Amino acid sequence: MRILIVGGGGREHTIVWKLAQSQYVKKIYCAPGNAGTSTLAENVPISSEDINNLLSFTQEKKIDLTVVGPEAPLAAGIVDVFTSKGLSCFGPLRSAARLENSKVFAKEIMKKYHIPTADGQVFSELNHAISYLKEISAPVVVKADGLASGKGVVVARTVEEAESFLRYIMVERAFGTAGDRVVIEECLEGEEVSLMVFSDGNTIIPMISAQDHKRVFDDDEGPNTGGMGAYSPAPVFTPELLRVVEKKILKPTMAGLRHEGIIYRGVLYVGLMITKEGPKVLEFNARFGDPECQVVLPGLKNDLFEIIQAILGGTLYKQKIEWHDSHVACVVMTSGGYPGDYKKGFPIYGLELAEKIEDVYIFHAGTAIKDGRLVTAGGRVLGITACGETLKSTLDKAYSAVEYISFEGAHYRKDIGWRALK
Ligand code: AMP
Ligand code: GLY
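Just so we're aligned, residue 193 is where the sequence shown starts under our numbering, counting upward by one.
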């Protein structure tokens, strides 16, 4: 089989790594990929959002299966386009991907089908939104409707902060049309868990749970990022909680979507807050999480290609999905300044030594080869991932690998996994 992976981050390197282990997979392309994917796949210089050129490439190279990593091409309907040309493409259709790219749509579905989530209201007029803020009290959460690379949400401690974020979205139009509408919702308290599931529209099979670390600095300080590290499983997510989530969230969500005429085929990511009243949905994503993918796929015993084929063929119910009985943790190394401005092109040292440590995998995100040298090429640069018997020993292994690696301005959190270790 000839496979194309769309995307070029740590998630896509992990997907390439996992599919490269499949007995069915003979050749992998990755568009655009990064320095890490180039060791297992052939990188293709096409942007993950350039659907027309991805389509021509797929037809020209007679690709058997395309796997879409990031949200933007899904929101733009890559799966619809490929499917209409008779091509096999893994990911939800545009109508289903709306669960991620419209927080208003997701909220409406959750309200309509009684799925536990934060109480919220939708606004398209600034003055109505501001009047509402005056009626309620802080803390409060303000969300831009559309895709905003993880920057479209603020948990405001005061009404003033909420109002200024509203103006940033709706007046300054910081996220363009993604800010045409906003959701204002109650602030939930508890511990966050990321649960990803495989779905063919009828059968849903949950993956192992994970927890990521969104803030840039230790002790959850500083601005939100795409994710600074993750670990799996998340001990807070007990088998009892999984049963509750399956009954109250996963099944009704899928049934609700079917009722709306939407068949969800792909990976659904459910961002949960484990509150005193039980688990509630913070967000849906229409794809693998990043860096959650880096800590979940290494634990998967099955051949990922077989699972994807079963999802595309509507036979997921036949799959018996199994997980290694181990812990996986990932520490993300970023460019200095990320998630704000940062410089690129710094040489990266020490990877060969770090990779020699047993059970350590290094997934590349923003890396490139320049003049024969490995250099930084993005905000999140590397995901240093380790497997082990306990979370503590796993994290120790990951951090011992991190110590070998250096590049100018390198930053990473030193407290990945702190909630589970405490
Ligand atoms: P989202 O993109 O909707 O997941 O929001 C990004 C982050 O904001 C989440 O991972 C949470 O840390 C936080 N967040 C979102 N919604 C809420 C909420 N209703 N209450 C508390 N925190 C929230
Ligand atoms: N780590 C969260 C996400 O992928 O959106």
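We treat Cβ as the ideally placed atom computed from N, Cα and C, and that holds for glycine. Everything numeric in this text was worked out from a predicted model, so none of it was measured.
**Message:** With the cut-off set at 7 Å, would you say A569 and P483 are in Cβ contact?
**Reply:** Contact flag unset, no.
**Asked** Shortest alpha-carbon distance to P415 belongs to which of T445, G393, V345 and I466?
**Response** For P415, the nearest C-alpha among the options comes from V345.
**Prompt:** How about E475: is its Cβ closer than 6 Å to a heavy atom in the ligand AMP?
**Reply:** Relative to the ligand AMP, the nearest heavy atom lies less than 6 Å away from the CB of E475.
**Message:** Is any non-hydrogen atom of the ligand MN found closer than 6 Å to the C-beta of A310, if you look at the structure I gave you?
**Reply:** Only the ligand AMP and the ligand GLY can be found as ligands here, which leaves the ligand MN out of the picture.
**Prompt:** So, do the segment 496-509 and the segment 278-294 have three or more beta carbon pairs nearer to each other than 8 Å?
**Reply:** Touching, yes.
**Asked** Would a C-beta distance cut-off of 7 Å place T231 and V208 closer than the cut-off?
**Response** Their beta carbons are not under 7 Å apart, which means T231 does not touch V208 by this criterion.
**Request:** Note down the Cα distance separating F538 from G529, rounded to an integer number of angstroms.
**Result:** The C-alpha of F538 lies about 14 Å from the C-alpha of G529.
**Asked** Roughly how many angstroms separate the alpha carbons of I488 and S323, rounded to a whole number?
**Response** Just to set this straight, residue 488 is Val in the shown sequence, not Ile. Each residue's alpha carbon lies about 43 Å from the other.
**Message:** One question on the structure: do V520 and P490 come within less than 7 Å of each other, judged by their Cβ atoms?
**Reply:** Yes, they are a contact pair.
**Asked** Taking only runs of the beta strand (DSSP E) that begin and end inside the segment 470-529, which ones reach a length of at least 3 residues, in chain order?
**Response** Residue ranges of uninterrupted beta strand (DSSP E) with 3 or more members, entirely inside the segment 470-529 and ordered along the chain, are 470-477 and 519-526.
**Option in M302, K253, R286 and S592 with minimal Cα separation from G542** = If we check each option's Cα against that of G542, S592 comes out closest.
**Message:** For a quick check, are the C-beta atoms of T206 and C485 less than 7 Å apart?
**Reply:** Their beta carbons are under 7 Å apart, which means T206 touches C485 by this criterion.
**Asked** So which of I376, S424 and Q251 has the shortest CA-CA distance to T577?
**Response** Comparing Cα-Cα distances from T577 to each of I376, S424 and Q251, the minimum goes to S424.
**Item:** With 16 other Cβ atoms within 10 Å as the buried cut-off, status of S341
**Value:** Counting every other CB atom within 10 Å of its CB across the protein chains shown gives S341 a total below 16, marking it as exposed.
**Item:** Endpoints, beta strand (DSSP E) assigned at S391
**Value:** Element bounds for S391: E383 to D392.
**Distance, F357 Cα to E327 Cα** = Taking the straight line joining both Cα atoms gives about 17 Å.
**Spatial neighbours of I549 in its chain, beta-carbon cut-off 7 Å, leaving aside the 5 residues before and after** = Within the same chain, Cβ atoms closer than 7 Å to the Cβ of I549 are found at K589, S592 and A593, the five residues on either side in sequence being excluded.
**Asked** Short check: CB of S386 to CB of G463, under 7 Å?
**Response** Yes, these two residues count as a Cβ contact at 7 Å.
**Prompt:** Straight-line CA distance for R407 to G201?
**Reply:** Linking R407 to G201 through their CA atoms gives a straight-line distance of about 19 Å.
**Item:** L257 (DSSP reduced to helix, strand or coil)
**Value:** L257: strand per DSSP, three-state reduction.
**Prompt:** In chain order, what residues of the same chain have a beta carbon less than 6 Å from the beta carbon of V351, not counting five sequence neighbours either side?
**Reply:** Cβ contact annotation for V351 (same chain, cutoff 6 Å, sequence separation greater than five): L325 and A330, in chain order.
**Prompt:** To the nearest angstrom, how far is it from the Cα of L566 to the Cα of L449?
**Reply:** L566 and L449: Cα-Cα distance of roughly 45 Å.
**Item:** Cα-Cα separation, E600 to G575
**Value:** Between the C-alpha atoms of E600 and G575 there is a straight-line separation of about 17 Å.
**Limits of the unbroken beta strand (DSSP E) element including R407** = From DSSP, the beta strand (DSSP E) with R407 extends over R407 to F409.
**Prompt:** Which whole-angstrom value describes the C-beta separation of G571 and P531, a residue pair presumed to lie in contact below a C-beta threshold of 8 Å?
**Reply:** The pair is a contact, with the Cβ atoms about 6 Å apart (cut-off 8 Å).
**Item:** 3 or more residues per run - each beta strand (DSSP E) lying fully within the segment 203-259
**Value:** As for any beta strand (DSSP E) of minimum length 3 sitting wholly inside the segment 203-259, the runs are 219-224, ordered along the chain.
**Asked** Got a sec? Which residues, its chain only, sit under 7 Å from E413 by beta carbon, not counting five neighbours each side?
**Response** When the five nearest sequence neighbours on each side are left out, the beta carbons in the same chain lying within less than 7 Å of the beta carbon of E413 are those of R407, in order along the chain.
**Request:** Check each candidate in E581, K606, I513 and L496 and name the one with the smallest Cα separation from D551.
**Result:** The shortest CA-to-CA distance from D551 to any of E581, K606, I513 and L496 is the one to E581.
**Request:** Report yes if the CB atom of A227 is closer than 7 Å to the CB atom of V236, and no otherwise.
**Result:** For A227 and V236, no; Cβs fall outside 7 Å.
**Asked** Alpha carbon to alpha carbon, what distance is there between N494 and S214?
**Response** Approximately 9 Å between the Cα atoms of the pair.
**Asked** For G225, is the classification buried or exposed, using 16 other Cβ atoms within 10 angstroms of its Cβ as the cut-off for buried?
**Response** Buried is the label assigned to G225, since at least 16 other Cβ atoms lie within 10 Å of its Cβ.
**Same chain, Cβ closer than 6 Å to L460, five either side skipped, listed in chain order** = Once the five neighbours on either side are set aside, the close Cβ partners of L460 are V389 and S391.
**Asked** At which residue ranges does the segment 259-320 contain complete alpha helix (DSSP H) runs of 4 or more residues, listed in the order of the chain?
**Response** Segments of the alpha helix (DSSP H) lying fully in the segment 259-320: 263-267, 270-276, 286-293 and 295-304.
**Message:** Suppose the cutoff is 6 Å on Cβ atoms and the five residues either side in sequence are ignored; what does the same chain contact list for I561 look like?
**Reply:** Excluding its 5 nearest sequence neighbours in each direction, I561 has C-beta neighbours in its own chain below 6 Å: A227, listed in chain order.
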